[in-house]
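K.L.:
Chains as they are written, first to last, in the working numbering: chain A, 1 to 84; chain B, 1 to 482.
Virtual Cβ for every residue (Gly too), placed ideally from N, Cα, C.
Here you go, one structure.
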């Protein structure tokens with residue numbers, strides 16, 4: 001559930017920026033959540049950078065075992081024939 | 001049609017059925033005639049069989065309209081009910097094979113049109129219709145089935161708004177449950193990747209219509225839900241007739257959607273097509289392309305939002321740090337000022353202490369001096385001291401007396417000698433000795449200093465060194481010597 005984590009991170013980051021911009025935190029607290037914010041933004045960026053374009057299709061091989069196989073629109077005519 | 005195969009049992013009259021049919025209608029007439037000479041007595045079974053075969057051959061395919069009542073569904077799977085109108089009723093039977101083919105549920109009060117054949121249930125001598133097809137009156141069976149299932153599942157809470165989950169903002173992996181053939185899959189992939197080029201997509205191909213398609217769709221949804229591969233899934237197909245879309249109204253599909261652990265977006269047919277899958281889904285998209293848009297965020301927007309948040313984060317903290325630094329500087333300044341003031345105070349204290357100690361010393365000094373003086377005075381005044389002092393003074397005084405006395409004698413001697421010398425110098429005797437004399441008025445003794453002091457004839461006395469001469473003035477001749 002990487003998506004959920006990402007959203008929570010973004011939401012938390014947003015909350016942190018809001019809190020810091022409000023400016024009613026002590027310096028200590030500010031620095032603490034600032035560090036957290038930096039960590040979150042780095043993680044979010046990492047998630048975005050690591051995301052990979054991939055299209056897969058679930059196919060059933062001859063033994064009846066199901067597995068994921070790369071899929072592209074160019075050969076979708078071939079793949080379509082695999083449809084059970 | 002299928003009436004020949006549908007008999008409970010053989011009627012036992014074999015090939016004579018046709019002939020009996022002809023005589024059968026005459027039987028009541030002959031029976032009712034008391035005066036008949038030919039008395040033909042039937043057993044109940046015979047008569048019932050006779051009636052049954054007569055009815056069965058006369059009503060092989062009947063269309064009947066009526067209201068369902070007294071519906072019973074025993075474990076056998078057959079359905080029993082009564083069809084009635086305002087004044088009459090007939091028993092009806094749906095054997096299991098017919099009953100399971102029904103898309104909607106029969107229920108009491110339902111107005112139906114049924115097709116079947118009439119027969120007799122011999123144990124009770126009741127005639128009944130064996131129904132092989134039934135449809136709701138006034139609307140299609142699918143429509144009714146749709147409404148019935150919708151009501152039932154809604155009562156179960158499957159369509160509750162509270163069950164709807166929000167779609168993930170940035171799904172990494174999206175599942176597609178649809179057919180690989182047709183434009184739908186192409187459209188969805190295009191839209192998904194246009195918005196979010198880095199999306200991972202997993203397609204589970206299924207038949208979207210026809211026999212077994214609902215089970216396939218449901219299995220695919222369950223598989224994706226349990227695999228943990230995807231953050232969200234789209235279940236859908238392109239447009240078609242109500243019959244084509246029917247799989248998405250099947251209970252098994254609706255339940256699979258409702259039970260999914262990840263949010264499900266339904267996209268069945270066109271905007272006007274509404275299926276029960278739509279009711280159960282977390283989001284109903286009007287078309288597959290719209291579903292793709294709803295699921296895939298615009299990556300560029302997320303990237304820029306993240307960049308903006310990071311920038312704001314740095315900015316606000318940078319500003320805060322600068323403020324704090326200024327505050328610190330201010331406080332440092334204030335502390336420095338305080339330090340200067342403290343040092344000034346220390347100086348003042350030092351000065352005051354010094355002055356005070358000086359004053360105290362002075363007071364002490366004065367006191368001490370007074371004490372010393374008093375002591376001295378006291379000591380000086382003490383008889384002991386005075387005696388000692390006196391004892392010391394006596395020889396001194398004696399010496400001084402001696403010295404003083406001698407001095408005085410010497411001084412006096414000198415003075416006498418000096419006076420004698422000066423006296424000798426000034427003495428007229430000396431002058432007289434040198435030949436000078438002093439001329440005096442004889443009478444008064446006054447010394448005559450000039451011619452004018454004497455008169456002619458006056459007696460004068462002239463003192464000489466060795467005596468006096470008495471003289472008379474004969475004349476006064478002024479003659480200045482000097």
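Counting only beta-carbon atoms, is residue 130(B) nearer than 8 Å to chain A?
P.N.:
Numbered from 1 along the second chain, position 130 holds the residue referred to as residue 130(B). So, not an interface residue.
K.L.:
Measure the Cβ-Cβ separation of residue 237(B) and residue 208(B) and say whether it is below 8 Å.
P.N.:
In the second chain, counting from the first residue as 1, residue 237(B) sits at position 237. In the second chain, counting from the first residue as 1, residue 208(B) sits at position 208. Yes, these two residues count as a Cβ contact at 8 Å.
K.L.:
Would DSSP call residue 13(A) helix, strand or coil?
P.N.:
Counting from 1 along the first chain, the entry for residue 13(A) is found at position 13. Correct three-state label for residue 13(A): helix.
K.L.:
Which of the three DSSP states, helix, strand or coil, is assigned to residue 61(B)?
P.N.:
For the purposes of this step, residue 61(B) is taken as residue 61 along the second chain, with counting starting at 1. Three-state result, residue 61(B): coil.
K.L.:
So if I threshold CB-CB distances at 7 Å, which residues from the stretch 308-328 of chain B count as touching chain A?
P.N.:
Within the stretch 308-328 of chain B, the residues whose Cβ lies closer than 7 Å to any Cβ of chain A are, in chain order, 309, 310, 312, 313, 316, 317, 320, 324.
K.L.:
Would the beta-carbon of residue 68(B) fall within 8 Å of that of residue 108(B)?
P.N.:
Numbered from 1 along the second chain, position 68 holds the residue referred to as residue 68(B). Numbered from 1 along the second chain, position 108 holds the residue referred to as residue 108(B). Their beta carbons are under 8 Å apart, which means residue 68(B) touches residue 108(B) by this criterion.
K.L.:
How close, in whole Å, do the beta carbons of residue 103(B) and residue 142(B) come, if the pair is a contact with beta carbons under 8 Å?
P.N.:
In the second chain, counting from the first residue as 1, residue 103(B) sits at position 103. In the second chain, counting from the first residue as 1, residue 142(B) sits at position 142. That pair is a contact at about 6 Å.
K.L.:
Within 10 Å of its beta-carbon, does residue 70(B) have 16 or more other beta-carbons around it, so buried, or fewer, so exposed?
P.N.:
One-based indexing of the second chain puts residue 70(B) at position 70. So residue 70(B) ends up on the exposed side.
K.L.:
For residue 134(B) versus residue 127(B), is the C-beta spacing smaller than 8 Å?
P.N.:
Reading the second chain from its first residue, position 134 is the one you call residue 134(B). Reading the second chain from its first residue, position 127 is the one you call residue 127(B). The answer is no: Cβ separation not under 8 Å.
K.L.:
Does residue 79(A) get closer than 8 Å to chain B when you measure Cβ to Cβ?
P.N.:
The residue you call residue 79(A) lines up with position 79 of the first chain. Model confidence at residue 79(A) stands at a pLDDT of 44, short of 50, so the residue's coordinates are unreliable and nothing is read from them.
K.L.:
Looking at chain A, is there any beta carbon in it that lies within less than 8 Å of the beta carbon of residue 169(B)?
P.N.:
The residue given as residue 169(B) occupies position 169 in the second chain. Closer than 8 Å: yes.
K.L.:
Using a threshold of 7 Å, is the CB atom of residue 250(B) nearer than that to any non-hydrogen atom of the ligand MG?
P.N.:
With respect to the ligand MG, the structure offers nothing, as it holds no ligand at all.
K.L.:
Is the Cβ-Cβ distance between residue 168(B) and residue 232(B) less than 8 Å?
P.N.:
If you number the second chain from 1, residue 168(B) lands on position 168. If you number the second chain from 1, residue 232(B) lands on position 232. Cβ distance < 8 Å, so residue 168(B) and residue 232(B) count as in contact.
K.L.:
Under DSSP, the beta strand (DSSP E) around residue 236(B) begins and ends at which residues?
P.N.:
Translated into the one-based positions of the second chain, residue 236(B) becomes position 236. 232-237 is the span of the beta strand (DSSP E), which, as asked, contains residue 236(B).
K.L.:
Applying the criterion that 16 or more other CB atoms from any shown protein chain within 10 Å of the CB defines a buried residue, is residue 130(B) buried or exposed?
P.N.:
Residue numbering aside, residue 130(B) sits at position 130 when the second chain is read from its first letter. Flag for residue 130(B) reads buried.
K.L.:
Return yes when the Cβ of residue 447(B) is within less than 8 Å of the Cβ of residue 478(B), no when it is not.
P.N.:
In the second chain, the residue the question calls residue 478(B) occupies position 478. In the second chain, the residue the question calls residue 447(B) occupies position 447. In this structure, residue 447(B) does not lie closer than 8 Å to residue 478(B) by Cβ.
K.L.:
Which residues in chain A sit within 8 Å of residue 195(B), going by Cβ to Cβ distance?
P.N.:
Translated into positions along the second chain, residue 195(B) becomes position 195. None at all; the shortest Cβ gap to chain A is about 12 Å.
K.L.:
Just the Cα atoms here: how many angstroms apart are residue 27(A) and residue 45(A)?
P.N.:
Position 27 of the first chain, counted from the start, is the residue given in the question as residue 27(A). Position 45 of the first chain, counted from the start, is the residue given in the question as residue 45(A). Straight-line Cα distance between these residues: approximately 26 Å.
K.L.:
Tell me the rounded alpha-carbon separation between residue 460(B) and residue 410(B).
P.N.:
Locating residue 460(B) in the second chain gives position 460, where the first residue counts as 1. Locating residue 410(B) in the second chain gives position 410, where the first residue counts as 1. The alpha-carbon of residue 460(B) is positioned some 45 Å away from that of residue 410(B).
K.L.:
Out of 429(B), 476(B), 455(B), 480(B), point me to the one whose CA is closest to residue 468(B)'s CA.
P.N.:
On the second chain, position 468 is the one that residue 468(B) refers to. Residue 429(B) is the option with its Cα nearest to residue 468(B).
K.L.:
Taking beta-carbon pairs under 7 Å, can you tell me which members of the stretch 46-59 of chain A lie near chain B?
P.N.:
48, 51, 52, 53, 54, 55, 56, 57, 58
K.L.:
Determine the direct distance from the alpha carbon of residue 247(B) to that of residue 43(A), and round the result to whole angstroms.
P.N.:
Within the first chain, residue 43(A) is the residue found at index 43, counting from 1. Within the second chain, residue 247(B) is the residue found at index 247, counting from 1. Whole-angstrom Cα-Cα distance: 42 Å.
K.L.:
Along chain B, which residues have their Cβ under 8 Å away from the Cβ of residue 30(A)?
P.N.:
Taking the first chain and counting its residues from 1, one reaches residue 30(A) at position 30. Within chain B, the residues near residue 30(A) are 317, 320.
K.L.:
Between the stretch 201-214 of chain B and chain A, which residues of the former have CB atoms less than 9 Å from a CB of the latter, in chain order?
P.N.:
Among the residues of the stretch 201-214 of chain B, those with a Cβ less than 9 Å away from any Cβ of chain A are 201, 202, 203, 204, 205, 206, 207, in the order of the chain.
K.L.:
Can you give me the start and stop residues for the alpha helix (DSSP H) that residue 227(B) sits inside?
P.N.:
Residue numbering aside, residue 227(B) sits at position 227 when the second chain is read from its first letter. Start and end: 213-227.
K.L.:
Under 8 Å between beta-carbons, which chain B residues line up against residue 41(A)? List them in chain order, please.
P.N.:
Residue 41(A) sits at position 41 when you count from the first residue of the first chain. In chain order: 306, 309, 310, 313.
K.L.:
Measuring straight from C-alpha to C-alpha, what distance separates residue 303(B) and residue 111(B)?
P.N.:
Counting from one through the second chain, the residue named residue 303(B) turns up at place 303. Counting from one through the second chain, the residue named residue 111(B) turns up at place 111. Approximately 60 Å, taken between the alpha carbons.
K.L.:
Name the chain B residues that come within less than 9 Å of residue 64(A), Cβ to Cβ?
P.N.:
Counting from 1 along the first chain, the entry for residue 64(A) is found at position 64. What residue 64(A) touches in chain B: nothing, since even the nearest Cβ is about 14 Å away.
K.L.:
Would you mind stating whether residue 190(B) and residue 53(A) have Cβ atoms separated by less than 8 Å?
P.N.:
Taking the first residue of the second chain as 1, we reach residue 190(B) at position 190. Taking the first residue of the first chain as 1, we reach residue 53(A) at position 53. Cβ atoms of residue 190(B) and residue 53(A): not closer than 8 Å.
K.L.:
Cβ of residue 483(B) within 8 Å of Cβ of residue 278(B)?
P.N.:
What is shown of chain B runs 1 to 482, which leaves residue 483(B) out entirely.
K.L.:
Alpha helix (DSSP H) containing residue 295(B): first to last residue?
P.N.:
Against the second chain, residue 295(B) aligns to sequence position 295. Per DSSP, residue 295(B) belongs to the alpha helix (DSSP H) from 288-295.
K.L.:
On the three-state DSSP scale, how would you describe residue 45(B)?
P.N.:
Within the second chain, numbered from 1, the residue matching residue 45(B) stands at position 45. Three-state result, residue 45(B): helix.
K.L.:
How many angstroms separate the CA atom of residue 361(B) from the CA atom of residue 379(B)?
P.N.:
By one-based count along the second chain, residue 361(B) stands at place 361. By one-based count along the second chain, residue 379(B) stands at place 379. Take the alpha-carbon of residue 361(B) and the one of residue 379(B): they are about 25 Å apart.
K.L.:
Kindly indicate which residue of 254(B), 170(B), 270(B), 320(B) has the alpha-carbon position closest to the one of residue 298(B).
P.N.:
In the second chain, counting from the first residue as 1, residue 298(B) sits at position 298. It is 170(B).
K.L.:
Can you name the start and end residues of the alpha helix (DSSP H) that residue 385(B) belongs to?
P.N.:
Working through the second chain from its first residue, we reach residue 385(B) at position 385. Run containing residue 385(B): 383-426, per the alpha helix (DSSP H) assignment.
K.L.:
Going by DSSP, name the residue or residues bridged to residue 72(B).
P.N.:
What you label residue 72(B) is simply residue 72 of the second chain in a count that begins at 1. Its beta-bridge partners are 80(B).
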